[in-house]
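Asker: I have a structure I would like to understand better, so I am pasting it below and will then ask my questions one at a time.
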Amino acid sequence: MFPEYDVIVVGAGHAGNEAAAAAANLGSKTLLVTMNMQVIGQMSCNPAMGGVAKGQIVREIDAMGGLSGIVTDESMIQFRMLNRSKGPAMWSPRSQNDRMLFAQKWRLALEKIANLDFWQDMVVGLIVKDKRVRGVKTSMGHEIYAKAIIITSGTFLNGIIHIGEKQFGGGRAGERAATGITEQLVELGFEAGRMKTGTPPRVDGRTLDYSKMTEQPGDDPPGKFSFMDTSPLTKQRSCWMTYTNPKVHEVLATGFDKSPMFTGRIKGLGPRYCPSIEDKINRFAERERHQIFVEPEGWETVEIYVNGFSTSLPEDVQYKALRLIPGFENAKMFRPGYAIEYDFFPPTQLKSTLETKLVENLFFAGQINGTTGYEEAACQGLIAGINAHLKVHDLPPFTLKRSEAYIGVLIDDLINKGTEEPYRMFTSRAEYRLLLRQDNADWRLTEKAYKLGLASEERYRRFLDKKEKIEKGIRLVKEARISPEEINGYLESIGSATIKEKVSIERLLKRPELNIYQLIEHISHLEPLRHFSNEVCEEIEIMIKYEDYIEREEKMAQKMMALEDYRIPANFDYDLVKALSAEGREKLKRLRPETLGQASRISGVSPSDVSILMVYLGK
């Protein structure tokens, strides 16, 4: 019934979809197995993409030929660029999306890929021989063979849903949990753990009083995620903001004795940076209020996502507390919030390609690796899909360095440091964040993806055209000079210091109070830039204003590159290096880093351990 595939992807969430698309688009015969084809690409939690650091990841996925950015643009109902008041390293795009449209666009995009097949079934086991994965077993009794398997199980592995004192198996509300895989992997020698995440109640937007809330409109004009020619929004839906209060907190506290979090029924650790509302009022008892973001679930639906009110308290407690929030006095609840506990596998058991160390050709991506968030999952799926394809076709692996992408930072953190709580990406995790801006993701990654065969010819041509315009604009700004007579009148009008002699336009643009659009408008030399897009002009401005800082980070990255290029043999015997510290030796033997750079970032491996190892390897 089934042919032998090159790659089988288990799970059709954000990680699975990107993995399947990447492998198939690169030329591998790929099968996507999901328990329910009606919820491919489902937004299980909030109907939004991007945000701080996460928006950078979506743009990186897009720059490489992944689909998340395009799907996001096609289902967007609002766009905002966060952190505009800070430097460009912190600018982060975020969208509000139509939940149903997002899933629909994902499925239709996948169905257009010629090399991709689909099968609705539950994978209950793997076929493994001689420490190499050979295929999967399904609940319907099928054995489907493939050269590589990618598991992207999300929260479904032995998932348990908690609402107050109630608990029942499930990977998501209304959907059953996946069983069998964890137990087999543990038998094969893998270490497993439990994690927890949660979601807030959904309410009927017709029952809310928005006059008591603060409106949060989208940007005007709105931006987008994809570097391709997706259509920008012509209209947007607003989000709203309100706050909890002491009365809300008092009602929530009445349910603490039935809270699965406080009674110990939940064993897994939840995300530190996205705590439940009961956790917030317990940990931050001195605060009288917490923000609540009121987010529409789509263009037409009245369903509202109550962001900031994630909870697993009993339904009646949730309902009473909600109605004490300003604007929610008459709220009707569609469904309660809940917590979900699920299995994960500490990611130190993975190579930098996301292939497991214990079983050849078996890859993990997404929440199975201990991450949280659609964006973190999607980028892992992309890398796993690329490397599964490369592995089965005997091609060199593909990885990204920390200085090349947030994706590289995320995977490097996971495989070297592991995680004991759901891992979320932040700009602070990236030491080269000025190099890893959202605006230059295509500059950093599109050529790499084109050489792989993942970025299309059209995408590559668009990138080259944009690059040529940026370079032309930078040359123009650097070479053109302007006299005091031409510009001093304008400089005086905005309170900027006048010039006494001819200066390069570059010097003016580096002033914090001036931007490129002002100069284009008032300097005739810059007439050619009037025909460039805002995207190109913004890039020219950033590269000139922050030139010195960018050069400094590039030099730092180059220094570290020497360690990244220093490879450690896979079977290296650390016991031969007597001068290593005991802790350093133990960590190196357990984690088996691939390079000295990776070794240097392992907690417990000291700089002297790295130096000793470098000398020994040099011999």
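The opening residue of the sequence shown carries number 0 in numbering that gives the first Met the number 0; numbering runs sequentially from there. The C-beta atom is built at its ideal place from N, Cα and C for all residues, glycine as well. From a predicted model like this one, the values you see are computed outputs, not experimental measurements.
Take the Cβ of Pro-421 as the centre, count every other Cβ of all protein chains shown within 10 Å, and call the residue buried at 16 or more, exposed below.
Answerer: buried
Asker: Touching or not, the region 79–90 and the region 0–17, by the rule of three or more beta carbon pairs under 8 Å?
Answerer: Contact fails: fewer than three Cβ-Cβ distances are below 8 Å.
Asker: In its own chain, which residues sit with a C-beta less than 8 Å from the C-beta of Ser-351, not counting the 5 before and 5 after it?
Answerer: Pro-396, Thr-398, Ile-410, Asp-411, Ile-414, Glu-593, Gln-597
Asker: Tell whether a beta-carbon distance below 8 Å holds between Tyr-242 and Pro-325.
Answerer: yes
Asker: Are the beta-carbon atoms of Leu-251 and Leu-312 separated by less than 8 Å?
Answerer: yes
Asker: Name, in chain order, the residues that DSSP records as bridge partners for Gln-77.
Answerer: Gln-95
Asker: At what residues does the beta strand (DSSP E) containing Phe-333 begin and finish?
Answerer: 332–334
Asker: If you reduce the DSSP assignment to three classes, tell me which class Met-194 lands in.
Answerer: strand
Asker: My guess is that Ile-291 and Val-305 are in contact by the Cβ rule of under 8 Å, so how many angstroms apart are they, rounded?
Answerer: 6 Å
Asker: Using the rule of at least 16 other Cβ atoms within 10 Å of the residue's Cβ for burial, across every protein chain shown, is Ser-532 buried or exposed?
Answerer: By the 10 Å Cβ count, Ser-532 comes out exposed.
Asker: Using the beta-carbon count (16 or more within 10 Å), is Trp-105 buried or exposed?
Answerer: buried
Asker: DSSP on Ser-503, reduced to helix/strand/coil?
Answerer: strand
Asker: Hey, out of Arg-529, Pro-245, Arg-423, Phe-462, whose CA is closest to Pro-274's CA?
Answerer: Arg-423
Asker: Among Gly-254, Glu-375, Tyr-545, Asp-228, which one has its Cα closest to the Cα of Arg-458?
Answerer: Asp-228
Asker: Would you kindly check if the distance between the Cβ of Leu-525 and the Cβ of Ile-504 is under 8 Å?
Answerer: Taking 8 Å as the cut-off, the beta carbon of Ile-504 is found closer than this to the beta carbon of Leu-525.
Asker: What's the call for Tyr-209, buried or exposed, on a 16-neighbour Cβ count within 10 Å?
Answerer: exposed
Asker: Measuring straight from C-alpha to C-alpha, what distance separates Lys-257 and Glu-277?
Answerer: 12 Å
Asker: By Cβ distance below 7 Å, which residues in the same chain neighbour Phe-425 in space, the five residues on each side in sequence not counted?
Answerer: The beta carbon of Phe-425 sits closer than 7 Å to those of Val-51, Ala-52, all from its chain and outside the five residues before and after it, given in chain order.
Asker: If you follow the beta strand (DSSP E) that Ile-339 is in, where does it begin and where does it stop?
Answerer: 337–343
Asker: I'd like the ranges of any beta strand (DSSP E) spanning at least 3 consecutive residues and lying wholly in the region 210–241.
Answerer: 213–215
Asker: In three-state terms, what does DSSP make of Lys-146?
Answerer: Three-state result, Lys-146: strand.
Asker: Which of the three DSSP states is assigned to Ala-47 in this structure?
Answerer: Note: Ala-47 maps to strand in three-state DSSP.
Asker: Helix, strand or coil for Gly-168 per DSSP?
Answerer: strand
Asker: Taking one C-beta from the region 444–455 and one from the region 557–566 each time, how about it: are there three or more such pairs within less than 8 Å?
Answerer: They do not touch, by the three-pair rule.
Asker: Just confirm the distance between the C-beta atoms of Gly-64 and Ala-448, as a whole number of angstroms; I'd bet it's less than 8 Å.
Answerer: 5 Å
Asker: Answer yes if the region 376–395 comes into contact with the region 23–31, meaning at least three C-beta pairs across the two stretches below 8 Å, and no otherwise.
Answerer: yes
Asker: So what's Leu-30 in DSSP terms, helix, strand or just coil?
Answerer: strand
Asker: Taking the continuous beta strand (DSSP E) assigned at Phe-292, which residues delimit it?
Answerer: 290–295
Asker: Beta-carbon within less than 7 Å of Glu-552's beta-carbon, same chain only, minus the 5 sequence neighbours each way: which residues are those?
Answerer: Tyr-431, Leu-433, Leu-434
Asker: Give a single yes or no on whether Asn-96 has its beta carbon closer than 7 Å to a heavy atom of the ligand GTP.
Answerer: Among the components of this structure there are no ligands whatsoever, and the ligand GTP is therefore not found.
Asker: What's the C-alpha gap between Thr-206 and Glu-419?
Answerer: 40 Å
Asker: Check this for me: beta carbons of Ser-94 and Met-75, under 8 Å apart or not?
Answerer: Yes, they are a contact pair.
Asker: So, is Asp-574 buried or exposed, given that buried needs 16 or more other C-beta atoms within 10 angstroms?
Answerer: Classification for Asp-574: exposed.
Asker: Would you check if the distance between the CB atom of Arg-83 and the CB atom of Gln-437 is smaller than 8 Å?
Answerer: no
Asker: At a cut of 8 Å, does the region 462–480 reach the region 532–549 through at least three beta carbon pairs?
Answerer: Yes, they touch.
Asker: Go ahead and pull the three-state DSSP assignment for Asp-438.
Answerer: Reduced to three states, the DSSP call for Asp-438 is coil.
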